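**Student:** According to full-length UniProt numbering, the sequence shown is numbered sequentially starting from 1.
A virtual CB, placed ideally from N, CA and C, is assigned to each residue, including glycine.
On a predicted model such as this, the values are computed, not experimentally measured, just so you know.
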Amino acid sequence: MYIKRDEQGRIELVSKTMTPDCRESLAADSPELLAFLGRDQDRQLQELRNSDLEFVRVLEDVIELLMDKGIISFTDLPDAAREKLMVRQSLRRRVNSVDLLGESDEEDDGVI
């Protein structure tokens with residue numbers, strides 16, 4: 001493996017082949033390289049998780065749009081999907097509720 005280091009001497013880039021940026025050779029089982037790859041993998045997994053969360057919201061919006069347009073109906077969805085959608089809608093209503101701080105208005109029964 002070939003690496004490029006930053007100004008502090010830490011690995012910042014890895015390549016399987018020598019490139020203009022990656023000229024220093026390191027053994028593939030080097031503890032330093034394995035540590036870098038682990039950190040990079042952790043970062044990538046976190047980015048994927050964040051992307052998944054954002055994408056879930058997109059899917060919810062698409063499902064709602066399809067139902068609003070009459071293309072699908074709620075009952076067309078499998079039981080598990082309906083249950084998950086209902087739970088998320090309930091959670092979203094609670095989170096978005098203006099009454100989260102205990103202030104109530106005339107239409108609210110105080111139940112969250």
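Arginine 93 by DSSP, collapsed to three states: which one?
**Tutor:** In this structure, arginine 93 counts as helix in the three-state DSSP scheme.
**Student:** In three-state DSSP terms, what is glutamate 60?
**Tutor:** If DSSP states are grouped into helix, strand and coil, glutamate 60 belongs with the helices.
**Student:** From the DSSP output, in three-state form, read off residue 151 for me.
**Tutor:** Any question about residue 151 goes unanswered here, given that the chain covers just 1 to 112.
**Student:** Enumerate in chain order the residues of its own chain whose CB-to-CB distance from leucine 33 is below 8 Å, with the five nearest sequence positions on each side excluded.
**Tutor:** Only Met1, Ile3, Ile11, Val14, Leu26, Ala27 meet the Cβ criterion.
**Student:** So is phenylalanine 36 buried or exposed if we call it buried at 16+ other beta carbons inside 10 Å?
**Tutor:** Buried, since its Cβ has 16 or more Cβ neighbours within 10 Å.
**Student:** With H, G and I counted as helix, E and B as strand and the rest as coil, what does DSSP make of serine 73?
**Tutor:** Note: serine 73 maps to coil in three-state DSSP.
**Student:** Quick one: what does DSSP say serine 15 is sitting in, helix, strand or coil?
**Tutor:** Reduced to three states, the DSSP call for serine 15 is strand.
**Student:** Any idea what DSSP makes of serine 30, helix, strand or coil?
**Tutor:** DSSP places serine 30 in coil when its eight states are reduced to three.
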